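Let me begin by presenting the structure, written as structure tokens, before commenting on it.
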Amino acid sequence: MYAMVAPPDNDVLWARALHVTHNGSPALTGVSLGVREGEILAVNGPRGSGKTTLLQCLSGQLLPQKGEVWFNSTPVHTMGPLVRERLRRDRFGWIDPEPHLVPELTAWENVALPLMLRGASHRVSKPAAQEWLDRLDIGGCARKRPHALLQSERQRVAIARALVTTPSVLFADEPTAPLHRADHTLALRTLTTAARSHGITVVLATNDQAVAMLADRTVNLLDGRRVSTVHLPGADGSEAGEGAMPEKSDTTEPPGVADPADTTGATSATGDTTPTGTTITTSTTTTTSTTAGASRSAGVTAPVRTEGAACSLSV
Numbered sequence: 001m002y003a004m005v006a007p008p009d010n011d012v013l014w015a016r017a018l019h020v021t022h023n024g025s026p027a028l029t030g031v032s033l034g035v036r037e038g039e040i041l042a043v044n045g046p047r048g049s050g051k052t053t054l055l056q057c058l059s060g061q062l063l064p065q066k067g068e069v070w071f072n073s074t075p076v077h078t079m080g081p082l083v084r085e086r087l088r089r090d091r092f093g094w095i096d097p098e099p100h101l102v103p104e105l106t107a108w109e110n111v112a113l114p115l116m117l118r119g120a121s122h123r124v125s126k127p128a129a130q131e132w133l134d135r136l137d138i139g140g141c142a143r144k145r146p147h148a149l150l151q152s153e154r155q156r157v158a159i160a161r162a163l164v165t166t167p168s169v170l171f172a173d174e175p176t177a178p179l180h181r182a183d184h185t186l187a188l189r190t191l192t193t194a195a196r197s198h199g200i201t202v203v204l205a206t207n208d209q210a211v212a213m214l215a216d217r218t219v220n221l222l223d224g225r226r227v228s229t230v231h232l233p234g235a236d237g238s239e240a241g242e243g244a245m246p247e248k249s250d251t252t253e254p255p256g257v258a259d260p261a262d263t264t265g266a267t268s269a270t271g272d273t274t275p276t277g278t279t280i281t282t283s284t285t286t287t288t289s290t291t292a293g294a295s296r297s298a299g300v301t302a303p304v305r306t307e308g309a310a311c312s313l314s315v
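Here the UniProt record's numbering is used: the first residue of the sequence shown is 1, the next is one more, and so on.
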């Protein structure tokens with residue numbers, strides 16, 4: 001058992017020896033990593049590898065059974081639920097693979113909702129929401145409600161909602177999964193540009209090799225464990241066999257000790273690998289909503305009354 005030790009100063013997020021089980025099955029087994037301020041970190045792996053569970057632990061949505069999570073040298077794993085909720089609302093953003101929007105609100109109201117929940121006025125929130133909708137090429141949908149939008153349009157509204165508050169850390173769980181190729185490219189470009197220009201730290205889960213290659217650095221997961229390499233579907237959707245995914249040791253190295261199993265690039269203090277010649281940017285902020293799914297995508301667990309939100313956001 002490790003004594004609790006503060007993370008390196010340049011790591012905005014830091015996790016050590018995370019263990020999580022779901023219904024008796026291991027979801028994470030001894031995963032450790034650090035995320036530096038302003039970088040975009042890709043968490044690669046096939047479906048079921050533990051990517052979403054890792055993001056939930058890092059964002060304070062889920063407490064690991066064992067292990068530590070730190071944000072800016074503050075232990076998240078020892079926080080109470082209300083403190084973690086405020087942390088997610090005020091400092092973190094979240095994008096789900098599927099858009100979770102408040103059905104009674106228009107597109108711009110959904111985007112503006114996290115600003116309004118922080119106390120911003122209608123006069124400030126509406127132009128900010130419209131700006132992000134315009135950046136994502138759906139400004140003309142501002143007054144439409146979710147049921148009148150295409151799936152790709154709803155996802156771009158969710159991305160705009162995550163970006164509008166300029167969070168310290170954006171957690172993006174396969175954010176472009178439901179988008180067509182053209183929308184996919186635009187959304188990624190908007191995310192990366194916003195992250196770079198605003199200094200947003202991004203933790204991006206993906207099973208798409210093309211998306212992973214945009215990141216500053218990569219962490220590979222397989223069956224809830226850190227591995228040195230993982231083969232993801234390419235542009236043609238082809239899958240690599242599991243034989244191309246060697247598993248790393250369960251042993252978690254303490255901070256500052258390089259992991260010899262990582263041979264794919266430069267090794268960080270926590271054993272993360274950096275693909276050479278790749279850069280990325282991605283960012284987004286999130287919001288709360290009236291449904292359980294919308295609350296999760298906003299990173300806030302407390303429900304929001306739809307009637308009150310609709311009233312306060314009325315034009």
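For every residue, glycine included, the Cβ atom is placed at its ideal position computed from N, Cα and C. Quick caveat, the model's predicted, so the values are computed rather than measured.
Local Cβ density within 10 Å of Asn44, reported as buried at 16 or more and exposed below that = Asn44 is buried by the Cβ-count criterion.
What are the boundary residues of the beta strand (DSSP E) that includes Ser25? Taken as a continuous stretch (DSSP letters only), the beta strand (DSSP E) holding Ser25 covers 25–36.
**Study point:** Candidates Trp70, Gly199, Leu222, Val102: closest to Arg161 by CA position
**Key:** When only C-alpha atoms are compared, the closest one is Val102.
Per DSSP, Val219 forms a beta bridge with which residues? Beta-bridge annotation (DSSP): Val219 is paired with Val43.
### Task
Look up Asp134 in the DSSP assignment and say whether it is helix, strand or coil.
The three-state reading of DSSP puts Asp134 in helix, counting H, G and I together.
In the DSSP assignment, what residue or residues form a beta bridge with Ile95? Answer by DSSP bridge pairing, in chain order: Ala172.
Pro75 bridges to which residues according to DSSP? Bridge partners of Pro75: Trp70.
Less than 8 Å between C-beta atoms, sequence neighbours within five positions excluded: which residues of the same chain meet that for Gln151?
The residues are Pro99, Pro178.
**Reduced DSSP secondary structure (H/G/I, E/B, other) of Val111** = Correct three-state label for Val111: helix.
Considering just the uninterrupted stretch of the alpha helix (DSSP H) at Asp183, what are its terminal residues?
Note, Asp183: alpha helix (DSSP H), 181–198.
To which residues does DSSP link His22 through a beta bridge?
Partner residues in the beta bridge of His22, as assigned by DSSP, are Ser25.
Unbroken beta strand (DSSP E) run spanning Val202, endpoints: For Val202, the enclosing beta strand (DSSP E) stretches over residues 201–206.
Exercise for the section: Going by CA-CA distance only, name the one from Trp14, Asp96, Ala194 that's closest to Ala172. Expected result: That would be Asp96, whose Cα lies nearest to the Cα of Ala172.
Assuming Lys144 contacts Thr106 under a Cβ cut-off of 8 Å, what Cβ separation, rounded to an integer in Å, is found between them?
-> About 6 Å separates the Cβ atoms of Lys144 and Thr106, confirming a contact at the 8 Å cut-off.
Does Val227 come out as helix, strand or coil in the three-state DSSP assignment?
Strand, per DSSP.
Rounded separation between Met116 and His122 - CA only | Spanning the two alpha carbons is a distance of roughly 7 Å.
Measure how close the beta-carbons of residue 316 and Leu221 come, nearest whole angstrom, since I'm counting them as under 8 Å.
-> No information on residue 316 is available, as it lies outside the stretch 1 to 315 that the chain covers here.
Worksheet item: When we look at the beta-carbon of Thr74 and count the other beta-carbons within 10 Å, is it buried (16 or more) or exposed?
Response: Of the residues assessed, Thr74 falls on the exposed side of the cut-off, its CB having fewer than 16 other CB atoms within 10 angstroms.
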